[in-house]
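Numbering (my numbering), first residue to last: 1 to 477.
By construction, the Cβ of each residue, glycine as well, lies at the ideal position given by its N, Cα and C atoms.
These figures come from a predicted structure and were not determined experimentally.
Structure, rendered in structure tokens:
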């Protein structure tokens, strides 16, 4: 008559102190692991990119060869009282150029495969002519700018300058942010200052005998890719160009558009590499004839550095006799490119993971902001260590490979090369991408709800990730 009901057992996973501590520990580990992967991925991709571009410039036939690429004499029959430097021959350059093309094309190949999957699993809508033309122009500009930056600009700079100038690729987003009329006056003023700071990057290292004339075009064209996240539909310029319908239409057909654009961009990158090679050397035949040879072992020339005593020339730069040379290692360029590709993909996926579990402020925004200064600091330390002891990296790197380091001491470099402008570029980039610190997404949101473009750029990992994250102007409805 009386039914005894068993007492409900309390869920110990909700009340246990140790379970609570374990969950907190797992959360802290998630923060730290994601932070490390993002920061490490951004630093490694930038460092390996600058390492690869440092191998493209042929040292001039002048009394001052690349004195920062001094040779470690261990194991070589070289005179102890003389200094020797290595040059970069045309055969080496072929392998590094193809590997740079590979690291630029891999993100586009990943984008192509992702878009194929989306088109197979979801209903698709074809883009209108205006929408397709807009994306076609923007993506062509971006691919052309990447070619100029990687194959023409960075090889003409030392690695420290190259790391600095990569903080100056937010020109178009800064301009669009400045044109927004829904901001407070002080925000608009800071947007204008950030834009002005970004523009200075197109001038500082363009003028003068050592200037790079392709630098302005490279910086402006690259920055077109991130127009969508910075464009406020209420801005007068945006309304005048009637881009709002294109922006809304693009959300419905993005997979189809970028499926085609990823193929087109790989073609543009390939043609861009050939064009730059033709204008720099007068021929593109070597890129194909020496393709197999460049990845094998071959002789690397060694030069004796010219020295001066009270303005009087003592010894001239001369290629040593043939029995004194270095043999290159097989597949070094392929290994460096593989490290770059893996670091870029892992770093980007870590950013997506941080946003999906809503820890992007600490584990994405913070490490992305640190990546630029950290990369420069590590390159400066590496150049300083090699300057003190030329054999310092002998166990890790071949004798003939290293970053192109500044010839001047650090303080002289900062004052003479206007390197202090980098602070304006860095602060401007941080301000333009400041929304990544406060933006919040639905937990476990889809990737397309977090980022506007379905691809990343490993050559500019921290900039492309931060500028591609959706803000209040570009959230999906």
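- Residue range of the unbroken alpha helix (DSSP H) whose run includes residue 429: Here residue 429 corresponds to residue number 429 of the chain shown, with the count starting at 1. Counting along the chain, the alpha helix (DSSP H) containing residue 429 begins and ends at 422 to 432.
- beta strand (DSSP E) segment containing residue 304, residue limits: Here residue 304 refers to the residue found at position 304 of the chain shown. Its beta strand (DSSP E) spans residues 302 to 304.
- Excluding five sequence neighbours on each side, which residues of the same chain lie with their C-beta closer than 7 Å to the C-beta of residue 369? To locate residue 369, count along the chain shown from 1; it is residue 369. Around residue 369: 430.
- Item | Rounded C-alpha distance that separates residue 247 from residue 229 | Indexing the chain shown from 1 puts residue 247 at position 247. Indexing the chain shown from 1 puts residue 229 at position 229. If you take the alpha carbons of residue 247 and residue 229, they lie about 10 Å apart.
- Message: Can you give me the C-alpha to C-alpha distance between residue 89 and residue 220, rounded to a whole angstrom?
- Response: Within the chain shown, residue 89 is the residue found at index 89, counting from 1. Within the chain shown, residue 220 is the residue found at index 220, counting from 1. C-alpha separation (whole angstroms): 31 Å.
- Rounded to a whole number of angstroms, what is the C-alpha to C-alpha distance between residue 295 and residue 91? Against the chain shown, residue 295 aligns to sequence position 295. Against the chain shown, residue 91 aligns to sequence position 91. Cα to Cα, the separation comes out at about 9 Å.
- Message: Could you tell me the alpha carbon to alpha carbon distance between residue 458 and residue 341, rounded to whole angstroms?
- Response: In the chain shown, counting from the first residue as 1, residue 458 sits at position 458. In the chain shown, counting from the first residue as 1, residue 341 sits at position 341. Each residue's Cα considered, the two are about 7 Å apart.
- Helix, strand or coil at residue 70 according to DSSP, with G and I counted as helix: Within the chain shown, the letter at position 70 stands for residue 70. In this structure, residue 70 counts as strand in the three-state DSSP scheme.
- Taking all protein chains shown into account, do 16 or more other C-beta atoms lie within 10 angstroms of the C-beta of residue 79, making it buried, or fewer, making it exposed? Reading the chain shown from its first residue, position 79 is the one you call residue 79. The residue in question, residue 79, is exposed, as its Cβ has fewer than 16 Cβ neighbours within 10 Å.
- Item | Cutoff 7 Å; reference residue 471; Cβ partners in own chain excluding five residues on either side | Here residue 471 is taken as the residue at index 471 of the chain shown, counted from 1. Excluding residues within five positions, the ones whose Cβ falls inside 7 Å are 229, 435, 439.
- Spell out the partners DSSP gives residue 85 in its beta bridges. As a first step, residue 85 must be located in the chain shown, where it is residue number 85. DSSP, once it has assigned bridges, lists 70, 303 as partnering residue 85.
- Would the beta-carbon of residue 41 fall within 7 Å of that of residue 343? By 1-based counting over the chain shown, the position of residue 41 is 41. By 1-based counting over the chain shown, the position of residue 343 is 343. Yes, the pair counts as a contact, with Cβ atoms nearer than the cut-off.
- Task: Just tell me which of 223, 158, 249 has its CA closest to the CA of residue 133.
- Result: Along the chain shown, one-based indexing puts residue 133 at 133. The option with the nearest alpha carbon to residue 133 is 249.
- Message: Threshold first: 3 residues or longer. Then list the beta strand (DSSP E) segments lying entirely within the stretch 122 to 173, N to C.
- Response: none
- Should residue 299 be labelled buried (16 or more other beta-carbon atoms within 10 Å of its own) or exposed? Stepping through the chain shown from its first residue, residue 299 is reached at position 299. That one is exposed.
- Item | Opening and closing residue of the alpha helix (DSSP H) in which residue 191 lies | Here residue 191 is taken as the residue at index 191 of the chain shown, counted from 1. 185 to 200 is the extent of the alpha helix (DSSP H) around residue 191.
- Who are the Cβ neighbours of residue 155 in its own chain at under 6 Å, not counting the five residues just before and after it? One-based indexing of the chain shown puts residue 155 at position 155. For residue 155, where only same-chain residues beyond five positions count, the Cβ hits under 6 Å are 53, 56, 57.
- Query: Which stretch, first to last residue, makes up the alpha helix (DSSP H) that contains residue 447?
  - Reply: What you label residue 447 is simply residue 447 of the chain shown in a count that begins at 1. From DSSP, the alpha helix (DSSP H) with residue 447 extends over 447 to 450.
- Item | C-alpha gap between residue 223 and residue 104, whole angstroms | For this step, residue 223 is matched to residue 223 along the chain shown. For this step, residue 104 is matched to residue 104 along the chain shown. So the two alpha carbons sit approximately 16 Å from each other.
- Query: Do the CB positions of residue 34 and residue 377 come within less than 7 Å of each other?
  - Reply: Here residue 34 is taken as the residue at index 34 of the chain shown, counted from 1. Here residue 377 is taken as the residue at index 377 of the chain shown, counted from 1. Taking 7 Å as the Cβ cut-off, residue 34 and residue 377 do not qualify as a contacting pair.
- Segment contact flag, the stretch 391 to 399 with the stretch 69 to 78, C-beta cutoff 8 Å, min 3 pairs: yes
- Query: Which parts of the stretch 220 to 299 are runs of the alpha helix (DSSP H), unbroken and 4 residues or longer, counting only runs that do not cross its ends?
  - Reply: 227 to 230, 236 to 240, 244 to 281, 285 to 289, 291 to 294
- Message: Could you tell me the alpha carbon to alpha carbon distance between residue 85 and residue 252, rounded to whole angstroms?
- Response: The residue labelled residue 85 in the question sits at position 85 within the chain shown. The residue labelled residue 252 in the question sits at position 252 within the chain shown. If you take the alpha carbons of residue 85 and residue 252, they lie about 56 Å apart.
- Task: Would you verify that the beta carbon of residue 460 is, or is not, closer than 7 Å to some beta carbon of chain C?
- Result: In summary, chain C is missing from the structure at hand, where a single protein chain is found.
- Message: I'd like to know if the stretch 268 to 277 and the stretch 136 to 151 are in contact, where contact means that at least 3 CB-CB pairs between them fall below 8 Å.
- Response: yes
- Message: By alpha-carbon positions, which one of 48, 98, 179 ends up nearest to residue 432?
- Response: Taking the chain shown and counting its residues from 1, one reaches residue 432 at position 432. Ranking the options by Cα distance to residue 432, first place goes to 179.
- For residue 444, which three-state DSSP category applies? For the purposes of this step, residue 444 is taken as residue 444 along the chain shown, with counting starting at 1. In this structure, residue 444 counts as coil in the three-state DSSP scheme.
- Message: Per the DSSP calculation, residue 469 is bridged to which residue(s)?
- Response: If you number the chain shown from 1, residue 469 lands on position 469. According to DSSP, which records beta bridges pairwise, residue 469 is partnered with 451.
- Message: Judging by CA-CA distance, which residue of 169, 193, 206 is the nearest neighbour of residue 227?
- Response: Here residue 227 is taken as the residue at index 227 of the chain shown, counted from 1. Answer by Cα proximity: 169.
- Message: Here's the rule: buried if 16 or more other CB atoms are within 10 angstroms of the residue's CB, otherwise exposed. What is residue 22?
- Response: Residue 22 sits at position 22 when you count from the first residue of the chain shown. Looking at its Cβ environment, which holds fewer than 16 other Cβ atoms inside 10 Å, residue 22 is exposed.
- Message: Taking the alpha carbon of residue 397 as the reference point, which residue from 123, 331, 262 has its own alpha carbon closest?
- Response: As a first step, residue 397 must be located in the chain shown, where it is residue number 397. With distances taken between Cα atoms, residue 397 lies closest to 331.
- Give a yes or no on whether the C-beta atoms belonging to residue 364 and residue 38 are separated by under 7 Å. Numbered from its first residue, the chain shown carries residue 364 at position 364. Numbered from its first residue, the chain shown carries residue 38 at position 38. It is a contact, given that the beta carbons lie within the stated cut-off.
- Give me whichever residues DSSP pairs with residue 327 in a beta bridge. Along the chain shown, read from residue 1 onward, the residue named residue 327 stands at position 327. Its beta-bridge partners are 299.
- Item | For residue 302 and residue 283, the rounded distance between their alpha carbons | Looking up residue 283 in the chain shown gives position 283. Looking up residue 302 in the chain shown gives position 302. So the alpha carbons of these two residues sit roughly 26 Å apart.
- Item | Minimum C-alpha distance to residue 193 - residue among 427, 443, 382 | Here residue 193 refers to the residue found at position 193 of the chain shown. If we check each option's Cα against that of residue 193, 427 comes out closest.
- Under 7 Å between C-beta atoms of residue 202 and residue 153: Your numbering for residue 202 matches position 202 in the chain shown. Your numbering for residue 153 matches position 153 in the chain shown. Going by C-beta atoms, residue 202 is not nearer than 7 Å to residue 153.
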